[in-house]
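Chemist:
2 protein chains.
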Amino acid sequence: MAAKLADVAKHAGVSTATASRVLNNRMVMPISVATMDRIKRAARDLDYRPNPMARALLTGRTHALGLFSREMGDPHFVQLLEAAEAEALQLGYHLVVSSSQEAVGGPGRVDGLLVFGAPEQQVRARRPDGFPVITVNSTLDPERDTIGWSDAEGMYSAVRHLAELGHRRIAGLFCYGEEPHADTPKLVGFRRAVEQYGVEWRPYWRGRDPFEVQQTNQFDNGYLAAQDLLSDWRGFTGIVARNDYIALGALRALREAGKSVPGEVSVVGYNDSILATCADPPLTSIRTPIAVAGAMAVQLLVQALSGGSVEHGCTMLPVSLTVRGSTARPGSSEG
Amino acid sequence: MAAKLADVAKHAGVSTATASRVLNNRMVMPISVATMDRIKRAARDLDYRPNPMARALLTGRTHALGLFSREMGDPHFVQLLEAAEAEALQLGYHLVVSSSQEAVGGPGRVDGLLVFGAPEQQVRARRPDGFPVITVNSTLDPERDTIGWSDAEGMYSAVRHLAELGHRRIAGLFCYGEEPHADTPKLVGFRRAVEQYGVEWRPYWRGRDPFEVQQTNQFDNGYLAAQDLLSDWRGFTGIVARNDYIALGALRALREAGKSVPGEVSVVGYNDSILATCADPPLTSIRTPIAVAGAMAVQLLVQALSGGSVEHGCTMLPVSLTVRGSTARPGSSEG
DNA sequence: TTGTAAGCGTTATCAC
DNA sequence: GTGATAACGCTTACAA
């Protein structure tokens, strides 16, 4: 059985109150150096570790943060996890992960909640009033505590990059549920850019709801969608994909069709994942600030917990374009 | 303020004892249906949720499991996380992740610990006696509770695959710290296979400790190591890589050197990650049962918690070979 | 300077 | 059938 505070106190010949005060540095009134030493020594000797549950019960603080994501298993999510965990560790908090919003726990189990990738409305609605929730997301709700970036801006940059290279006919590879008239951020940004730059465009997609598809399916869908594109539209010179998986699928379809990249066709991916680095040719891709957002979200949450309730609002981090070898001026070689 | 048991009890006009019994289905003695209904109704009306900390303090059970890994951020780890989380959810447990063994918590914070990828000795040594720890790992210790697979077997299969295709000269792409005489499981398996099949072999590596390198560095190291290989050994026809990142780096070096895959050189990766699927050509790779192991580890841990302490020992799961387009008989085409 | 005692929200052991 | 009441291990007024 682990040593408890009473053991330490007895060992040091003091009361639990004094022991507690010393061990927590809560010395409202001065304590003699001698007893301090005795207590600290006893704690060390007995390998005393305060029971987190007892402490939590009393203080109402678990020192744990929940992290909820429907996309656990996505390499993109793991970047958030890594950053958030490191930050939480730094600040003395634990991270409880869950793919179920109900199960991740609320007050009593965790002190605050980090939500990744779920529509904010759904989250807030199910939470007790006042429970600190911050969402890391690409769909910002200015009314709520959100930190993230704009996928509209990301897609806009992707199209702009191609347009500025001189591409006039650009295909968009999306997902089911992202028909051209849809209002997802990525489509909004896409449409805004093609309109503004006056380029011709067509959307393609295969497969099902983005949340339900496996990564390998995304790759396959990209492959199939690109095949559709190849047999449907002869004049296109640029492709913008919803994510890197889809872009890599397209890369394969293009290679099989004998189209050179970036000679005949330029391709832009999204997320700037490890896939983009490893692709052949290396993929120009949109980099989202997911790791930074994860760390900031933890900071904000902890800050809110310390200082009562800090109304944070909505922080928007910049999205950037990583240019690699899959994009070039149209017809730049062998085209 | 959230409703507590006392509120429910008062609302239903009973004592907390009765309320507790009904709400937990712990009815040693029969309880009148009428009061049962009243209590359940009160609980629903007040949206009563038992305080996990109070319960934990009393029962000594947190219903949380710790998951410790130094490789958080690795897409390979995320497969374990996903499977373990799903299983934990299923069994009513929470998952606390941490990249620090100290911080993930022990008794009082979590009921048991899942350790991924760390040498078992280091783990057990730092844990209080009797605290349930199970390691998911590739380096099995028959003395301890371990579940995993043999990377020696995996590497052996990779070499065997090439040897059976007829390759007689095989290069191994490893990491710094895995010099040919090292005793890491992968090298042991590699050496055993090349000896048994009588094939000529040479090891190559670049970079630093495997635990410290980023994924993109692994890719770069694979690229550089393959370049070393290309300028060093003319007669090789097969490559076995320590992981898929390295294999993809090698693929790039081979392409740049004008070597066709699998026509002139066959390449085998390790982990069968998404990279293997998306590579061009698709990568033959060794698939480890990491997801299954993660789920089983959670099951075992929970089982041990329920039934006192189940001595499990050491379970070894089979490793398999996924054959894709990067391997063929030597000189099978244009070679 | 230090000790006493109340209480955090449960569950469990008795008594009624 | 049901209700007091004592824990669980800790923090913190308040008392001494």
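Going line by line, the protein sequences match chains W and P. Residue 336 is where the first sequence ends in our numbering, and the numbering goes up by one at each step. Residue 336 is where the second sequence ends in our numbering, and the numbering goes up by one at each step. Glycine included, C-beta positions come from ideal geometry on N, C-alpha and C.
Mind checking the region 213-226 of chain W against chain P and listing, in chain order, the residues whose C-beta falls within less than 8 Å of any C-beta there?
Modeler: Q216, T217, F220
Chemist: Considering only residues of the region 230-318 of chain P, which uninterrupted alpha helix (DSSP H) runs meet the minimum length of 4 residues and lie entirely inside it, listed in chain order?
Modeler: 245-257, 275-279, 291-307
Chemist: Just the Cα atoms here: how many angstroms apart are A126(W) and E165(W)?
Modeler: Low local confidence applies: a pLDDT of 45 at A126(W) is under 50, so the model's placement there is unreliable, with the coordinate-based value given in what follows. In this model, A126(W) and E165(W) are separated by some 43 Å (Cα to Cα).
Chemist: Answer with buried or exposed for T60(P), where buried requires no fewer than 16 other C-beta atoms within 10 angstroms of its C-beta.
Modeler: Exposed, since its Cβ has fewer than 16 Cβ neighbours within 10 Å.
Chemist: Going by beta carbon distance, what residues of the same chain come within less than 8 Å of R193(P), once the five residues before and after it are set aside?
Modeler: These residues qualify, in order along the chain: A153, Y157.
Chemist: Which same chain residues end up closer than 6 Å to H313(W) when comparing Cβ atoms and leaving out the 5 residues on each side of it in sequence?
Modeler: D146, L301
Chemist: To the nearest angstrom, how far is it from the Cα of V195(W) to the Cα of A258(W)?
Modeler: 26 Å
Chemist: Since F175(P) sits in a beta bridge, which residues does DSSP pair it with?
Modeler: W206(P)
Chemist: Can you tell me where the alpha helix (DSSP H) with H95(P) in it begins and where it stops?
Modeler: Element bounds for H95(P): not the alpha helix (DSSP H) but the beta strand (DSSP E), 95-99.
Chemist: For R207(P) versus L225(P), is the C-beta spacing smaller than 7 Å?
Modeler: Going by C-beta atoms, R207(P) is nearer than 7 Å to L225(P).
Chemist: For the alpha helix (DSSP H) that F78(W) lies in, which residues bound it at each end?
Modeler: Under the DSSP assignment, F78(W) falls in the alpha helix (DSSP H) whose first and last residues are 76-91.
Chemist: Anything in chain P within Cβ reach of Q80(W), meaning under 8 Å, just list it in chain order.
Modeler: G74
Chemist: Taking only the alpha-carbon atoms, compute the straight-line gap between S16(W) and R27(W) and give it to the nearest angstrom.
Modeler: 15 Å
Chemist: Taking the alpha carbon of I291(W) as the reference point, which residue from P319(W), Y94(W), C279(W) has its own alpha carbon closest?
Modeler: Nearest option by C-alpha distance: P319(W).
Chemist: Taking D8(P) as the query, report the chain W residues whose CB atoms sit under 8 Å from its CB, ordered along the chain.
Modeler: Those do not exist, as D8(P) stays about 15 Å from chain W at its closest Cβ, beyond 8 Å.
Chemist: Which chain W residues are close to V98(P), counting only those with a beta carbon under 9 Å from its beta carbon?
Modeler: Simply L68, L82, E86, H95, L96, V97, V98.
Chemist: Just to confirm before moving on: does the CB-CB distance between R69(W) and S33(W) stay below 7 Å?
Modeler: Note that residue 69(W) is Phe in the sequence shown, not Arg. Not in contact: F69(W) and S33(W) (Cβ atoms no closer than 7 Å).
Chemist: Can you tell me the Cα-Cα spacing of T136(W) and V293(W), whole angstroms?
Modeler: 13 Å
Chemist: Using a Cβ-Cβ cut-off of 7 Å, state whether A126(P) counts as contacting chain W.
Modeler: Summary for A126(P): the model assigns pLDDT 45, below 50, so the residue's position carries little reliability; its value from the coordinates is reported in the next sentence. Answer no: the Cβ-Cβ gap between A126(P) and chain W never drops below 7 Å.
Chemist: What in chain P is Cβ-close to I247(W), meaning under 9 Å?
Modeler: Those do not exist, as I247(W) stays about 11 Å from chain P at its closest Cβ, beyond 9 Å.
Chemist: Taking C-beta to C-beta, are A84(W) and G295(W) nearer than 7 Å?
Modeler: yes
Chemist: State the start and end residues of the unbroken beta strand (DSSP E) segment that holds G155(W).
Modeler: No beta strand (DSSP E) holds G155(W); the alpha helix (DSSP H) holding it covers 152-166.
Chemist: Looking only at C-alpha atoms, which of D273(P), S286(P), S274(P), G190(P) sits nearest to S267(P)?
Modeler: Nearest neighbour of S267(P) by Cα position, chosen from D273(P), S286(P), S274(P), G190(P), turns out to be S286(P).
Chemist: What residues from the region 272-295 of chain W come within 8 Å of chain P, judged by C-beta to C-beta, listed N to C?
Modeler: I275, L276, T278, C279, A280, D281
Chemist: List, in order along the chain, the chain W residues whose C-beta lies closer than 8 Å to that of N25(P)?
Modeler: Those do not exist, as N25(P) stays about 16 Å from chain W at its closest Cβ, beyond 8 Å.
Chemist: Three or more C-beta pairs closer than 8 Å, one from the region 271-289 of chain W and one from the region 228-246 of chain W: is that the case here?
Modeler: yes
Chemist: What is the DSSP secondary structure of N52(W), reduced to helix, strand or coil?
Modeler: coil
Chemist: Note down the Cα distance separating R170(W) from R235(W), rounded to an integer number of angstroms.
Modeler: 10 Å
Chemist: Which same chain residues end up closer than 7 Å to L255(P) when comparing Cβ atoms and leaving out the 5 residues on each side of it in sequence?
Modeler: A227, V262, V266
Chemist: Run through DSSP, which three-state label would R192(W) get?
Modeler: DSSP places R192(W) in the helix class (H, G or I) of the three-state scheme.
Chemist: Do E179(P) and G118(P) count as a contact pair if the criterion is CB distance below 7 Å?
Modeler: Against a cut-off of 7 Å, the Cβ pair of E179(P) and G118(P) comes out as no contact.
Chemist: Assuming R39(W) and A13(W) make a contact with CB atoms under 8 Å, what is their CB distance in whole Å?
Modeler: So it is a contact: roughly 4 Å between Cβ atoms.
Chemist: Going by DSSP, what residues sit across from G107(P) in a beta bridge?
Modeler: Note: G107(P) sits in no beta bridge, so no partner.
Chemist: Taking Cβ positions only, does A242(W) come closer than 7 Å to chain P?
Modeler: no
Chemist: Please classify E335(W): is it buried, with 16 or more other beta-carbons within 10 angstroms of its beta-carbon, or exposed?
Modeler: Its pLDDT being 46, under 50, E335(W) is placed unreliably by the model, and the measurement read from it follows with that caveat. With fewer than 16 other Cβ atoms within 10 Å, it is exposed.
Chemist: Establish whether the CB of P263(P) and some CB of chain W are separated by less than 7 Å.
Modeler: no
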